[in-house]
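Step one of this worksheet: look at the structure below.
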Amino acid sequence: MRLLGLAMAALALAMSSAPPPEEAPSFAEGVVLLKFRVEVPAERQAALLDAEMMTVEKTLGGTGVLKVRLPRGMAVPDAVRRLSSRPEVEFAEPDYQVRTR
Amino acid sequence: MTRWLRIPLLTISFLLVLLLAAGPLPAASREVPPPDQVLVKYRAGATEGERARARGNGRLKKRIRLLGVECLRPGGGETVAQAVARLSRDPAVEYAEPDYRVVRCGIPRQATDDPRFTSQWYLDSEPILTTIGGTAQYLFDVDMDAPEGWALLSRAYAETTRVVGVLDSGLGAAGVFSAAAGGYLPNLEDAPRSVLWSNPGETANGLDDDGNALVDDLNGWDFYQGDNAPADEPDDGHGTAVAGLVGAATANGLGMASPGYPLSGGGSRIRLLPLRWWSSISEITEGIAYATEMKQGGAPIVALNGSFAIAPQGLESLTLKEAIRSAGVEDILFVASAGNYDGPTGDFPQADNDLKPLYPASYSTTMPHVLAVAAVNSGAALANFSHYGERSVQLAGPGQAVLSLGPLDGQYENWDGTSFSSPLAAGVAALVMGQAPALAPSTAIRRLTQGGVFQKSYLGRLKSARRLNLAGALSPFYPYSGLAYLGSAIPLRLYDDPLSASFGAAVTGSSRQPEVAVFKDTGSGYAVSPVAPGLATFALSFPDSTAGISTLKTGPWRVTALAPFWGRLAQGDTITLGVHPSCAGTLTSDAPGMAAVGSSPWTLTALRAGATAESVVHLILTRGGVVVEESGPFYIAGEPTPDGGGGGGGGCFIATAAFGGEGVEEVRTLRAFRDRVLLASAGGRALVGLYYRVSPPIADWLRGHAAARAAVRAALQPVVFSIRHPLAALLLLLSLLAGFVLLFQRRARTN
């Protein structure tokens, strides 16, 4: 048992260490881009966003993609994960930053 | 042939070329002034005293060291003809000839009076003398042949105006841009012939007249600030420069020129629609959607220029993809910069987009309306910063030291980047698409690529191995230039699109280098028929043309005796080479340590790569001590190249399907692990290759089964955890093992 305890302590220490550096795309905070599946009715879309306390900021032209404002404190990756797991959602992604030249 | 014979013969050939060139010149071409200088070649061993005596009163202007030739301006009342006669009699002189004024192959050219035009090497510049096998023999243009293309436009083609949407940082600094004044933009040079497109459905009245939810969108829109003045920042200027290269007012006596030569009655052939964004996908998407919807409403928008890339390389936005796809449905061509290399730790670290895609440029492989454009410099070489891709980048255009507008009135700067090659392609595409409203973007792309100028150094780097050429894109014949193996003719075909309709079917061709290739009428068509290795250009004549164009240029055609002329080999590979019997001699490799050549049969064996992962080898074919040709590039990879589908940056199919999108953090983690760890080793690459072969159908099935997706997500979570926290995962595994061992021991004791 002592061995197991030591291993758990080491595990806790390892988890607290920083993850390895990773390519980090930058994106706009507080918003995500979301597209519902075409068969999802508008009321269902609104209800889902209400439940998540998200609001539609704008529709991106005729693409059907919504720019959605997140509730205060909700991180973009969390929002993307939550929305992407919903069967009504075709895709959700951060509003990535883009570079010229 | 001895050296003594070769030089006079070359001179005679050169004179013949000039005589041929001078023949079919139309009345509209410029007057060619008579020569006022003399070229003198002294005999080997002529002393400086003998040379000084021969010069007489003539003034030495320059020396061409390569050839041992001096250029003299006659003095003391001596004419050029008298000086040539006197020098030709001089025992120290091998030959003397007038410094003839060179006319560009007798091809019609349209003049322009823009004062900055002389600094725009990429539109028009003097030909460069190049050498093959150590012999100077060919004058080639690095420019886009803009005046030759404009001549076609003004004589042969329809007078139409087309709109190009410029997705960028805006147009002209604030205060300079004034939408309310009808698109007057001083640094776009010419208010009466404004190059801005005006939305006919909108008036400046504070109302949304055309019902598109934007108020007073007269000349584009700022999707960052949400207003109708898409102005550039004074310290940025990227968008202004890009817009200038698409369609700055031309032939107006002001500033610079662009592909957009004006209509005969005034007014620009290319109108600009500035769609300003500042930093994010959503703004760009709105711009694309705006142009798409305006086109649905009847606006003559033919192309969008996207001089941007999503960072880091490999990241894809489904929103942007959706928007670009929707523009394609409306037949809008999307021109994208191939990308700029910014070092191994930068955002765009893999210059080969085939190995790691860069979006949106890499949509060129999946969407027929997307054109990816690399950059070349003023020597026609790929710019050292330019991304490329044999499968994913179709074309290159001028993109280094390219003069264009600055954001302030009257400001001009030289710009570097693939950002500046793509707008030139967009401008040319707009001219092509302006000829026939129904011309699909894919047809325009075909015209731009087939109409480009072939260069062997682009082989393996660009899909077309060609660079942008305005005259070539508008030429009724294709291909405009290319690679011809000795012994097989290359057919020259008339496009079957409406642009070619005004040119007569009867064509005659004269080769500028008949010793290299000749023009053939095969009875059923026309062909370039190779004679000997080298470079050749042709003048095509249209005796029954209704287009008013009598002569067109085509070429250069590189004739080669070696097949394949270039290729891609992995370490250890051996390929068999065909050498045309008329040229069989000695074949050597310019890097014998990396690639060895064998004879009977001719072979090339890749021994190893050089200092870089992929090294370049050329083969030199000599006969009787004379270089017949230099072939290549042959790319040698140090290890077998990974399966194309397994290249970095693409989608992780199963994970993407299970987690619902590429933007999900877990997917990014898995993808980064693949790119950094798996693709770094041969075993890992093989594993990735296998995964990419088997995973797409599994991913397709998963998309339709929610429960299975949840199960895969749960199964992948420990993998993701292990990648993020490798030490913790190892300790957890050890702990579990230790737990099992303890449990097993206790049970064993109990028993």
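Chain order of the listed sequences is A and B. Just remember that this note's numbering sits 24 ahead of the position in the first sequence, which is counted from 1. Just remember that this note's numbering sits 245 ahead of the position in the second sequence, which is counted from 1. The beta-carbon is built from N, C-alpha and C at its ideal position, and this holds for glycine as well. Values in this document were obtained by computation on a predicted structure and should not be read as measured data.
Check: Given 8 Å, three or more beta-carbon pairs between the region 668–677 of chain B and the region 486–503 of chain B; Outcome: yes
Check: Residue-level contact to chain A via CB, B/His483, 8 Å cutoff; Outcome: yes
Check: Three-pair Cβ contact test at 8 Å for the region 870–878 of chain B versus the region 843–850 of chain B; Outcome: no
Check: Whole-angstrom distance between B/Leu459 and B/Trp802, CA atom to CA atom; Outcome: 52 Å
Check: Beta carbon proximity, A/Glu46 to chain B, threshold 8 Å; Outcome: Only weak support exists for where A/Glu46 lies, its pLDDT of 45 falling under 50; the value from the coordinates is given anyway. Cβ-Cβ to chain B under 8 Å: yes for A/Glu46.
Check: Buried versus exposed, by CB contacts within 10 Å (16 or more), B/Ile373; Outcome: exposed
Check: Contact set between A/Asp119 and chain B, taken where Cβ atoms lie within less than 7 Å; Outcome: Ser525, Ile526 and Ser527
Check: Those runs of the alpha helix (DSSP H) which lie wholly inside the region 319–349 of chain B and span at least 4 residues; Outcome: 325–334
Check: Rounded C-alpha distance that separates B/Phe699 from B/Leu728; Outcome: 7 Å
Check: Exposed unless 16 or more other CB atoms sit within 10 angstroms - verdict on A/Val89; Outcome: buried
Check: Residue range of the unbroken beta strand (DSSP E) whose run includes B/Glu293; Outcome: That residue, B/Glu293, is in no beta strand (DSSP E); its alpha helix (DSSP H) goes Glu293 to Arg300.
Check: As assigned by DSSP and simplified to three states, the class of B/Asp766; Outcome: strand
Check: Helix, strand or coil at B/Tyr740 according to DSSP, with G and I counted as helix; Outcome: coil
Check: Alpha-carbon spacing of B/Ala548 relative to B/Leu693, whole angstroms; Outcome: 13 Å
Check: Residue environment, B/Trp811, which counts as buried when at least 16 other CB atoms sit within 10 Å; Outcome: buried
Check: Residues within the region 583–603 of chain B neighbouring chain A, beta-carbon criterion of under 9 Å; Outcome: Asn585, Asp592 and Phe593
Check: 8 Å contact criterion, which B/Ala625 and B/Val387 should meet: CB distance rounded; Outcome: 4 Å
Check: Near-chain A residues of the region 542–555 of chain B (beta-carbon distance less than 7 Å), N- to C-terminal order; Outcome: Ser552, Phe553, Ala554 and Ile555
Check: Unbroken beta strand (DSSP E) run spanning B/Ala792, endpoints; Outcome: From DSSP, B/Ala792 is part of no beta strand (DSSP E); its letter is neither H nor E.
Check: Assigned exposure category for A/Met77 - 16 Cβ within 10 Å defines buried; Outcome: exposed
Check: Buried/exposed call for B/Gly662, threshold 16 Cβ in 10 Å; Outcome: buried
Check: Continuous beta strand (DSSP E) stretch holding B/Gly715: start and end; Outcome: One point to set straight first is that residue 715 of chain B is Leu, not Gly, in the sequence displayed. Run containing B/Leu715: none in the beta strand (DSSP E); it sits in the alpha helix (DSSP H), Leu715 to Leu719.
Check: Within chain A, partners of B/Asp472 - CB distance below 7 Å; Outcome: Result: empty, since nearest Cβ-Cβ is about 15 Å, beyond 7 Å.
Check: 8 Å Cβ cutoff, A/Thr87 in contact with chain B; Outcome: yes
Check: Residue interval of the alpha helix (DSSP H) (run including B/Trp395); Outcome: Ala391 to Ala401
Check: Close-in-space but distant-in-sequence residues of the same chain around B/Val922 (CB under 7 Å, 5 per side omitted); Outcome: Gly929
Check: Selection of the region 97–123 of chain A by Cβ proximity to chain B, strictly under 7 Å; Outcome: Pro101, Val104, Arg105, Ser108, Ser109, Pro111, Val113, Phe115, Ala116, Glu117, Pro118, Asp119, Tyr120, Gln121, Val122 and Arg123
Check: Supposed close pair B/Tyr506, B/Gln355 - CB separation, criterion 8 Å; Outcome: 7 Å
Check: Meets three-Cβ-pair contact criterion under 8 Å: the region 700–718 of chain B and the region 390–405 of chain B; Outcome: yes
Check: A/Ala71 at chain B interface by Cβ criterion, 8 Å; Outcome: no
Check: Limits of the beta strand (DSSP E) - the one that B/Lys286 falls within; Outcome: Val283 to Tyr287
Check: Nearest candidate by alpha-carbon position, reference B/Ala777, set B/Arg868, B/Gly770, B/Ile690 and B/Leu785; Outcome: B/Arg868
Check: Minimum Cβ-Cβ distance from B/Glu567 to chain A less than 8 Å; Outcome: yes
Check: Interface flag, B/Ser664 vs chain A, CB-CB below 8 Å; Outcome: yes
Check: Span separating the alpha-carbon of B/Ala502 from that of B/Ala494; Outcome: 6 Å
Check: Chain A within 8 Å of B/Glu434, Cβ atoms only; Outcome: For B/Glu434, the predicted model reports a pLDDT of 43, less than 50, meaning its position is unreliable and no value from the coordinates is stated.
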